[in-house]
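Student: Dropping the structure in here first, questions after.
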Amino acid sequence: MMLWKSVVGKLWLTIIMLFSFVLFILTVLLLEFFHNQSMQEAENSLFKTANQVETVLREHENYDGLLNVIWEMIDEDIGVVVLLDDGTVYTSLQDADKAEIEQLFQGDAELKGALSGDEEVKETTYLPSVLEGDNVTQATIVGIPLNTNGEQGAIYAFQSVDSSESTSASTTKFILIAVLAGIILTTVFAFFLLSRVTAPLRRLKEGAVELSKGKFDMKVPIISNDEIGDLSRTFNRMAKQLKHNVSALQEEKENLSNILSSMADGVITFNRDGEILVTNPPAEDFLSYIQMDETNLEGPQTFGHVPERLLSLFQEVKDSETTKIAEITVHGHDWVILMNPLYDAKAVRGAVAVLRDMTEERRLDKMRKDFIANVSHELRTPIAMMQGYSEAIIDDIAETPEEKKDMAQVIYDESLRMGRLVNELLDLARMEAGHLSLNKSEVEIGSFIERIVKKFKGLAGVKEIRISADMDQPDAVLLIDPDRMEQVFTNLVDNALRHTPQGGEVRIIQRSSTNGTVFEIKDTGVGISAEELPFVFERFYKVDKARTRGRAGTGLGLAIVKNIIHGHDGKIEVTSKLGQGTTFTFFLPEKK
1 MMLWKSVVGK LWLTIIMLFS FVLFILTVLL LEFFHNQSMQ EAENSLFKTA NQVETVLREH
61 ENYDGLLNVI WEMIDEDIGV VVLLDDGTVY TSLQDADKAE IEQLFQGDAE LKGALSGDEE
121 VKETTYLPSV LEGDNVTQAT IVGIPLNTNG EQGAIYAFQS VDSSESTSAS TTKFILIAVL
181 AGIILTTVFA FFLLSRVTAP LRRLKEGAVE LSKGKFDMKV PIISNDEIGD LSRTFNRMAK
241 QLKHNVSALQ EEKENLSNIL SSMADGVITF NRDGEILVTN PPAEDFLSYI QMDETNLEGP
301 QTFGHVPERL LSLFQEVKDS ETTKIAEITV HGHDWVILMN PLYDAKAVRG AVAVLRDMTE
361 ERRLDKMRKD FIANVSHELR TPIAMMQGYS EAIIDDIAET PEEKKDMAQV IYDESLRMGR
421 LVNELLDLAR MEAGHLSLNK SEVEIGSFIE RIVKKFKGLA GVKEIRISAD MDQPDAVLLI
481 DPDRMEQVFT NLVDNALRHT PQGGEVRIIQ RSSTNGTVFE IKDTGVGISA EELPFVFERF
541 YKVDKARTRG RAGTGLGLAI VKNIIHGHDG KIEVTSKLGQ GTTFTFFLPE KK
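Oh and the sequence shown: position 27 is 27 in full-length UniProt numbering, straight run, nothing missing.
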């Protein structure tokens with residue numbers, strides 16, 4: 001069955017069918033020709049025999065003896081009947097009924113014509129039993145008129161067509177043998193020829209299969225200089241060109257992928273049906289944020305199409321064929337989306353969305369506005385107080401020297417507060433600009449921490465708060481800027497004392513780590529809520545939101561602490577729970 005599915009089988013079957021059809025037509029024509037030729041030869045032989053008998057009879061008068069000699073001379077398969085007008089019948093057939101023979105020939109209108117005139121007659125018909133005996137067969141009968149020695153009649157010669165049929169059968173047998181031999185030889189020749197054609201085709205097929213697997217280095221051998229050889233050369237050139245084109249496409253794809261991956265903005269490409277075709281990492285983050293939001297509502301989703309939040313924007317871009325801009329907030333992130341239509345030769349075939357996470361920009365903008373508001377607020381109070389007390393002094397509202405001195409003291413305190421605020425702002429600005437200068441030196445941890453504890457011992461005693469230090473390696477040495485690091489401990493311990501109620505405790509803990517030292521400032525104070533915890537290191541952020549004078553602070557201390565720790569290549573973090581206290585933990589690497 002596989003043979004008929006192959007090129008060889010199809011071509012072989014086509015050749016055999018064409019050859020058989022031609023031989024069939026030729027056989028039919030040859031058989032017809034040989035049959036007609038045989039019949040014509042039989043008729044000529046019969047006419048020749050009849051004429052010979054007529055010639056002999058015309059030259060002799062004694063028919064009886066002469067005819068017996070003639071009967072011996074003619075072929076055995078030819079029968080002869082001499083019929084005279086007077087009803088006399090001479091025949092080469094032995095034991096034949098002459099009366100029936102006479103009745104036969106005189107009763108046949110066509111055969112009778114030879115008796116009535118000079119015309120020759122012929123007929124192919126079934127021999128009656130009177131001529132053939134019990135074997136009824138078809139025969140050719142010819143007749144010629146006889147006019148000799150004053151007697152008239154006709155000479156009839158007949159012959160069974162069996163002899164012609166045997167000749168045709170022999171001819172048919174010979175032709176069939178020739179046809180069979182021709183089919184065999186044609187098959188052998190066809191398979192030999194087709195194998196020369198199909199062998200290169202099979203190699204081309206194997207090469208095409210290898211190409212489909214991505215093996216573009218393969219080559220088809222060229223074994224001839226004909227059309228198949230040209231096809232093989234063309235195939236090899238095609239494989240080489242395909243390799244070049246695929247390499248170029250792969251390079252372009254990698255370049256595009258690298259460009260998309262390195263972009264800070266997200267990129268999503270949609271087709272006209274809204275299916276997502278291409279994304280980059282920022283865009284995948286955006287889709288994951290959308291999935292998180294929608295998971296809370298409807299369960300997990302996998303985005304293969306335009307998310308519901310962008311569907312209306314995508315539809316507007318596709319319908320209007322113009323660029324659209326939108327802003328959405330997803331999972332606490334602010335995104336600006338610029339969506340453009342994608343065109344093919346005739347119409348819009350999709351859209352490309354560029355996504356920018358504006359969360360940090362929005363946060364920085366809010367910080368800028370808050371910074372201006374906070375600075376204005378922090379400066380407004382001391383300025384107002386200084387202005388009010390100075391006006392009171394100018395207007396002699398203070399009558400006694402003691403009152404004037406108190407007012408001047410307030411003005412002095414507020415000027416110190418303003419100076420401290422300005423200095424902290426300048427320090428913070430220099431730190432965030434990368435201009436923090438550190439004068440590092442080797443400092444023993446134990447003596448350094450003890451000095452900090454003694455510094456706050458009095459304040460802690462006044463507030464009835466226990467302050468202590470716990471060190472596992474007090475003799476360890478760190479390479480730090482002692483002044484800046486003292487500023488760190490001062491800010492952290494001061495905050496801890498300020499937010500710890502009477503009877504509480506503040507501890508300074510030092511423990512060694514793998515590559516440095518860890519410090520903890522722990523208190524048992526009021527704590528910080530989880531919502532406010534991420535913002536404690538921002539400028540002007542105050543947990544209690546109270547903006548009072550004196551020891552309430554400016555809100556810049558923890559921001560300065562963070563910058564000093566980072567300047568020492570360290571890191572700081574905070575943990576806290578409301579009502580359970582707060583712990584500031586920072587790590588300083590070992591000296592380098």
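Note that the Cβ used here is the ideal one computed from N, Cα and C, for glycine as well.
Within the segment 470-508, note down every full beta strand (DSSP E) run reaching 3 residues or more, in order along the chain.
Tutor: Whole beta strand (DSSP E) segments, 3+ residues: 477-480.
Student: Rounded to a whole number of angstroms, what is the C-alpha to C-alpha distance between Leu57 and Gly182?
Tutor: By one-based count along the sequence shown, residue 57 stands at place 57. By one-based count along the sequence shown, residue 182 stands at place 182. Spanning the two alpha carbons is a distance of roughly 53 Å.
Student: Provide the residue(s) that pair with Val330 in DSSP beta bridges, ordered along the chain.
Tutor: Position 330 of the sequence shown, counting from 1, holds the residue named residue 330. His333, per the DSSP bridge assignment.
Student: Alpha carbon to alpha carbon, what distance is there between Leu260 and Leu266?
Tutor: On the sequence shown, residue 266 is found 266 positions in, with the first residue counted as 1. On the sequence shown, residue 260 is found 260 positions in, with the first residue counted as 1. It should be pointed out that residue 266 corresponds to Gly in this sequence rather than to Leu. For Gly266 and Leu260, the distance between alpha carbons rounds to 8 Å.
Student: By Cβ distance below 6 Å, which residues in the same chain neighbour Thr575 in space, the five residues on each side in sequence not counted?
Tutor: Looking up residue 575 in the sequence shown gives position 575. Once the five neighbours on either side are set aside, the close Cβ partners of Thr575 are Thr583.
Student: Going by DSSP in three states, His305 sits in which element: helix, strand or coil?
Tutor: Looking up residue 305 in the sequence shown gives position 305. Three-state DSSP puts His305 in a strand.
Student: Relative to the alpha-carbon of Leu46, which residue among Lys369, Glu76 and Gly350 has its alpha-carbon at the smallest distance?
Tutor: Mapped onto the sequence shown, residue 46 falls at position 46. Comparing Cα positions, the closest option is Glu76.
Student: Need the endpoints of the alpha helix (DSSP H) that Phe235 sits in, please.
Tutor: By one-based count along the sequence shown, residue 235 stands at place 235. It spans Glu227 to Ser262 - the alpha helix (DSSP H) in which Phe235 sits, taken as one unbroken run.
Student: Looking only at DSSP bridge pairs, what is Tyr343 linked to?
Tutor: In the sequence shown, the residue the question calls residue 343 occupies position 343. Bridge partners of Tyr343: Val348.
Student: Among the residues of its own chain, which have a CB less than 6 Å from the CB of Leu23, if the five just before and after it don't count?
Tutor: As a position in the sequence shown, residue 23 is number 23, starting the count at 1. The residues are Val179.
Student: Does DSSP put Arg511 in a helix, a strand or coil?
Tutor: Start at 1 with the first residue of the sequence shown, and residue 511 comes out as number 511. Reduced to three states, the DSSP call for Arg511 is strand.
Student: Give the DSSP-derived three-state secondary structure of Arg547 in the structure shown.
Tutor: Here the question's residue 547 lines up with position 547 in the sequence shown. Bear in mind that a pLDDT of 38 at Arg547, under 50, signals an unreliable position, so the number given afterwards is only what the model happens to contain. Arg547 falls in the coil class under three-state DSSP.
Student: With respect to 7 Å, is the separation between the Cβ of Ala248 and the closest non-hydrogen atom of the ligand HEM below this value?
Tutor: Absence of the ligand HEM from the depicted structure is noted, as is the absence of any ligand whatsoever, leaving it without description.
Student: On the DSSP bridge list, what partners appear for Ile78?
Tutor: Counting from 1 along the sequence shown, the entry for residue 78 is found at position 78. The partner list for Ile78 (beta bridge, DSSP) reads Gln159.
Student: Let me know if Gly304 comes out buried or exposed under the rule of 16 or more other beta-carbons within 10 Å of its beta-carbon.
Tutor: Residue numbering aside, residue 304 sits at position 304 when the sequence shown is read from its first letter. With fewer than 16 other Cβ atoms within 10 Å, it is exposed.
Student: At which residues does the beta strand (DSSP E) containing Asn563 begin and terminate?
Tutor: Locating residue 563 in the sequence shown gives position 563, where the first residue counts as 1. Segment Gly557 to Gly567 is the alpha helix (DSSP H) holding Asn563; no beta strand (DSSP E) there.
Student: Check for me: the alpha helix (DSSP H) holding Val462 runs from which residue to which?
Tutor: As a working mapping, residue 462 is identified with position 462 in the sequence shown. Per DSSP, Val462 belongs to the alpha helix (DSSP H) from Ile445 to Val462.
Student: Taking the DSSP output, what are the residues bridged to Glu520?
Tutor: Indexing the sequence shown from 1 puts residue 520 at position 520. Answer is Ile509 and Thr585.
Student: Could you check how far apart the C-beta atoms of Leu93 and Gly79 are, in whole angstroms? I think they sit under 8 Å.
Tutor: Start at 1 with the first residue of the sequence shown, and residue 93 comes out as number 93. Start at 1 with the first residue of the sequence shown, and residue 79 comes out as number 79. Confirmed, Cβ separation roughly 6 Å.
Student: Please list the segments of the alpha helix (DSSP H) lying wholly inside the segment 20-52, counting only runs of 4 or more residues, in order along the chain.
Tutor: As far as the segment 20-52 is concerned, it has no whole alpha helix (DSSP H) run of at least 4 residues.
Student: For Pro300, which residues from the same chain have a beta carbon less than 6 Å from its beta carbon, with the 5 sequence-adjacent residues on both sides left out?
Tutor: As a working mapping, residue 300 is identified with position 300 in the sequence shown. Per-residue confidence for Pro300 stands at a pLDDT of 40, beneath the threshold of 50, marking its modelled position as unreliable; the derived number appears in the next sentence. Excluding positions up to five away in sequence, the list is empty.
Student: As a quick exercise: from Ala460, His499, Ile508 and Gly229, pick the residue whose alpha carbon is nearest that of Ile445.
Tutor: Looking up residue 445 in the sequence shown gives position 445. Closest by alpha carbon: Ile508.
Student: Measure the alpha-carbon distance for Thr140 versus Gln159 and round it to whole angstroms.
Tutor: By 1-based counting over the sequence shown, the position of residue 140 is 140. By 1-based counting over the sequence shown, the position of residue 159 is 159. If I take the Cα positions, the gap works out to 6 Å.
Student: Which class does Gly153 belong to by DSSP, given the choice of helix, strand or coil?
Tutor: By 1-based counting over the sequence shown, the position of residue 153 is 153. Gly153 falls in the strand class under three-state DSSP.
Student: Who are the near neighbours of Gly579 in its chain, counting only those whose CB is closer than 8 Å to its CB and skipping five residues on each side?
Tutor: In the sequence shown, residue 579 corresponds to position 579, counting from 1. Around Gly579: Val526 and Gly527.
Student: Near Pro534, which residues of its chain fall below 6 Å by C-beta distance, leaving aside the five closest residues on each side in sequence?
Tutor: In the sequence shown, the residue the question calls residue 534 occupies position 534. Nothing meets the Cβ criterion.
Student: If you drop the 5 nearest sequence neighbours on each side, which residues of the same chain put their C-beta closer than 6 Å to that of Lys522?
Tutor: Working through the sequence shown from its first residue, we reach residue 522 at position 522. So the qualifying residues of the chain are Arg507 and Thr583.
Student: Please name the residue, chosen from Thr171, Asp86, Tyr156 and Ile565, that lies closest to Leu28 on a Cα-to-Cα basis.
Tutor: For the purposes of this step, residue 28 is taken as residue 28 along the sequence shown, with counting starting at 1. Residue 28 is actually Val in this sequence, not Leu. The option with the nearest alpha carbon to Val28 is Thr171.
Student: Check whether the Cβ atoms of Ile560 and Asp427 lie closer than 8 Å to each other.
Tutor: One-based indexing of the sequence shown puts residue 560 at position 560. One-based indexing of the sequence shown puts residue 427 at position 427. In this structure, Asp427 lies closer than 8 Å to Ile560 by Cβ.
Student: Does the Cβ of Met339 have 16 or more other Cβ atoms within 10 Å, making it buried, or fewer, making it exposed?
Tutor: Looking up residue 339 in the sequence shown gives position 339. The residue in question, Met339, is buried, as its Cβ has 16 or more Cβ neighbours within 10 Å.
Student: So, with DSSP's three-state summary, where would you put Asn280?
Tutor: The residue given as residue 280 occupies position 280 in the sequence shown. Coil at Asn280, not helix or strand.
Student: In this structure, how does DSSP classify residue 672 when only helix, strand and coil are distinguished?
Tutor: With the chain covering only 1 through 592, there is no way to say anything about residue 672.
Student: Which whole-angstrom value describes the C-beta separation of residue 594 and Val477, a residue pair presumed to lie in contact below a C-beta threshold of 8 Å?
Tutor: Examination of residue 594 is not possible in this model, given that the chain is present from 1 through 592 alone.
Student: Where does Arg466 fall in DSSP's three states?
Tutor: For the purposes of this step, residue 466 is identified with residue 466 of the sequence shown, where counting begins at 1. Looking at Arg466 - three-state DSSP - the assignment turns out to be strand.
Student: From Gly332 to Leu313, what distance separates their C-alpha atoms?
Tutor: Start at 1 with the first residue of the sequence shown, and residue 332 comes out as number 332. Start at 1 with the first residue of the sequence shown, and residue 313 comes out as number 313. Computed Cα separation, rounded: 21 Å.
Student: Alpha carbons only, please: which of Pro307, Ile276, Glu403 and Gly274 is nearest the one belonging to residue 599?
Tutor: It is not possible to answer for residue 599, since the shown part of the chain is limited to 1 through 592.
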